[in-house]
Amino acid sequence: MKKKLKKDFNEIKKKLHQLSKIIQKEKNTEELIIIKVIVLTYLTVSVEPIFQGNLKNIKKDLLEKINETILIFNTLKIFKKFSKGNSEINLLKNEKFLNLHTNLWQQIWPEHSFKEYERLVEYRGKRLDYNRIRKEFQNKEVIEFGCGNGSILTALMKRGAKNCLGLDFGKKNILAAKKFSQKYKFGNKMKFLCADILNYKNKKKYDFIVCSAVLHHLKNKELMKKMITKFSNISKNGSYLYLFVRGFGGMRYEIQDICVKCFKKVKTGVLFNHLMYLGFNREKITHLLDWFKAIYLQTKPEYLEKIFRQNGFTKFKRLRGPHKNDLDINQIKKHENSYIAFGSGELRYLCKFN
Ligand SMILES: C[S@@+](CC[C@H](N)C(=O)[O-])C[C@H]1O[C@@H](n2cnc3c(N)ncnc32)[C@H](O)[C@@H]1O
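Below you can see the structure in the form of structure tokens.
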């Protein structure tokens with residue numbers, strides 16, 4: 001069975017790479033960037049219901065959407081005829097890996113309105129409730145590495161954490177996190193610090209360490225390993241680590257990776273403006289910009305679990321996802337074709353240090 005799944009996966013991957021080549025072959029002139037945004041947005045949103053469905057006909061369904069995307073791109077390419085000029089606009093030349101990520105999240109995270117932020121906090125909190133994680137952080141000291149606008153910490157504080165410290169290298173993220181935390185009136189119990197987590201040094205030990213959607217954006221696996229060692233150094237016996245990184249394999253990740261390739265040279269601000277013109281709401285724009293620009297490492301569960309053990313996190317469990325689009329272990333086990341769709345799925349763990 002695994003052989004058949006692999007064969008199907010490779011067939012879809014081949015078609016996807018054909019699409020990627022067709023798109024990358026065309027210059028990034030003003031009108032072509034708009035067309036690229038439209039078609040890759042179309043691909044992204046039109047495959048979502050497939051991934052959230054029963055996956056029975058995943059190969060046929062995905063091939064159909066990729067073929068449609070090729071057709072739309074080739075059809076809209078006719079606009080080229082009316083181009084003002086043939087020159088490429090606003091292109092990035094060798095954007096540094098670190099700059100890309102430092103700037104990207106500052107452009108997409110701090111912009112939430114308070115209402116949107118509250119929705120995000122509830123979304124984060126639902127996962128804690130669903131996995132019955134509460135006593136692990138209640139009345140405990142929490143630290144988060146790469147906290148963004150602090151929505152996970154707010155969800156933890158609302159559920160009874162004693163105090164928390166959030167670290168992020170994005171100045172705007174930290175400002176936004178501070179602004180939102182004031183609204184909740186947690187006062188001094190919630191602190192945020194602008195810092196690069198790779199250089200951050202601290203001797204204080206914490207009860208609950210959070211690192212969510214950050215380590216897969218580091219440059220390589222060695223740095224990921226180093227960070228997990230850092231987490232163990234600030235753990236006490238019985239402390240918990242709440243970690244999320246992207247998993248390995250799966251068409252969903254493949255689709256994102258080709259979007260990133262196609263927009264490699266296009267500035268985030270340009271994509272942002274086009275998505276605004278299309279009238280998308282904040283949540284969708286945040287999702288699409290992350291999808292189009294963020295670079296991800298892929299990690300196998302076995303690899304991560306080995307690193308946990310090596311660093312004293314001997315008890316760990318993969319968390320379950322309450323949301324339709326979570327790709328956690330419960331969703332992955334749903335259908336054999338999940339292998340094609342999601343590979344190993346997202347790696348969300350709660351680990352105990354002892
Ligand atoms: C995808 S966001 C996740 C934010 C938050 N953890 C959450 O799940 O809502 C990744 C965050 O990690 C931060 N980040 C990435 N690398 C970092 C580093 N080396 N030092 C500090 N922050 C970093 C980014 O600025 C960004 O806010």
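In terms of the numbering used here, the sequence shown is residues 1 to 354.
Beta carbons: idealized from backbone N, C-alpha and C, even for Gly.
(1) Does at least one heavy atom of ligand 1 sit under 7 angstroms from the Cβ of Phe248?
(2) Which of the three DSSP states is assigned to Glu141 in this structure?
(3) Threshold first: 3 residues or longer. Then list the beta strand (DSSP E) segments lying entirely within the region 128-182, N to C.
(4) Let me know the secondary structure DSSP gives Asn237 once reduced to three states.
(5) Considering Cα atoms alone, identify which of Gln18, Thr29 and Ile22 is closest to Val270.
(6) Ligand 1 heavy atoms versus the CB of His217: any closer than 7 angstroms?
(7) Taking the alpha-carbon positions, what's the Pro301 to Val266 distance?
(8) In terms of alpha-carbon separation, which member of Gln52, Lys93, Ile38 and Tyr117 lies closest to Glu283?
(9) May I have the straight-line CA-CA distance separating Ile295 from Leu215, to the nearest angstrom?
(10) Would you call the region 10-21 and the region 238-248 touching, i.e. three or more CB-CB distances under 8 angstroms?
(11) Assign Gly85 to buried or exposed, taking buried as 16 or more other Cβ atoms, counted over all protein chains shown, within 10 Å of its Cβ.
(12) Pick out whichever of His274, Lys178 and Asp328 has its Cα sitting closest to the Cα of Val358.
(13) Shortest alpha-carbon distance to Pro49 belongs to which of Thr299, Asn325, Glu26 and Asn131?
(14) On a CA-only basis, which of Val47, Thr102, Leu91 and Lys4 is nearest Ile255? Give me that one, please.
(15) Taking Leu241 as the reference, which of Asn354, Gln18, Phe272 and Lys59 has the closest Cα?
(16) Please report how far the alpha carbon of Lys191 lies from the alpha carbon of Leu32, in whole angstroms.
(17) Select from Glu122, Asn163 and Glu111 the residue whose C-alpha is nearest the C-alpha of Thr356.
To lay it out plainly:
(1) Walking along the sequence shown from the start, residue 248 turns up at place 248. Phe248: no, Cβ never under 7 angstroms from ligand 1.
(2) Counting from one through the sequence shown, the residue named residue 141 turns up at place 141. The answer is strand: DSSP assigns Glu141 an E or B state.
(3) If we require 3 residues or more, the beta strand (DSSP E) runs fully inside the region 128-182 come out as 141-145 and 163-168.
(4) Numbered from 1 along the sequence shown, position 237 holds the residue referred to as residue 237. Here Asn237 sits in strand by DSSP.
(5) Start at 1 with the first residue of the sequence shown, and residue 270 comes out as number 270. Ranking Gln18, Thr29 and Ile22 by Cα distance to Val270 puts Thr29 first.
(6) Numbered from its first residue, the sequence shown carries residue 217 at position 217. His217 Cβ: within cutoff of ligand 1.
(7) For the purposes of this step, residue 301 is taken as residue 301 along the sequence shown, with counting starting at 1. For the purposes of this step, residue 266 is taken as residue 266 along the sequence shown, with counting starting at 1. Approximately 33 angstroms, taken between the alpha carbons.
(8) On the sequence shown, residue 283 is found 283 positions in, with the first residue counted as 1. For the set Gln52, Lys93, Ile38 and Tyr117, the Cα lying nearest the Cα of Glu283 is the one of Tyr117.
(9) Your numbering for residue 295 matches position 295 in the sequence shown. Your numbering for residue 215 matches position 215 in the sequence shown. Between Ile295 and Leu215, the C-alpha separation is close to 11 angstroms.
(10) Touching, no, given that fewer than three Cβ pairs across the two stretches are closer than 8 angstroms.
(11) The sequence position of residue 85 within the sequence shown is 85, counting from 1. Exposed, since its Cβ has fewer than 16 Cβ neighbours within 10 Å.
(12) Residue 358 cannot be examined here, being either before or after the span of the chain that is shown, 1 to 354.
(13) What you label residue 49 is simply residue 49 of the sequence shown in a count that begins at 1. Across the set Thr299, Asn325, Glu26 and Asn131, the C-alpha of Asn325 shows the shortest separation from the C-alpha of Pro49.
(14) Walking along the sequence shown from the start, residue 255 turns up at place 255. Nearest C-alpha to Ile255: Val47.
(15) Here residue 241 corresponds to residue number 241 of the sequence shown, with the count starting at 1. Of Asn354, Gln18, Phe272 and Lys59, the residue nearest in Cα terms is Asn354.
(16) Translated into positions along the sequence shown, residue 191 becomes position 191. Translated into positions along the sequence shown, residue 32 becomes position 32. Approximately 45 angstroms between the Cα atoms of the pair.
(17) Past the boundaries of the shown model lies residue 356; the chain is included only from 1 to 354, so the question cannot be answered.
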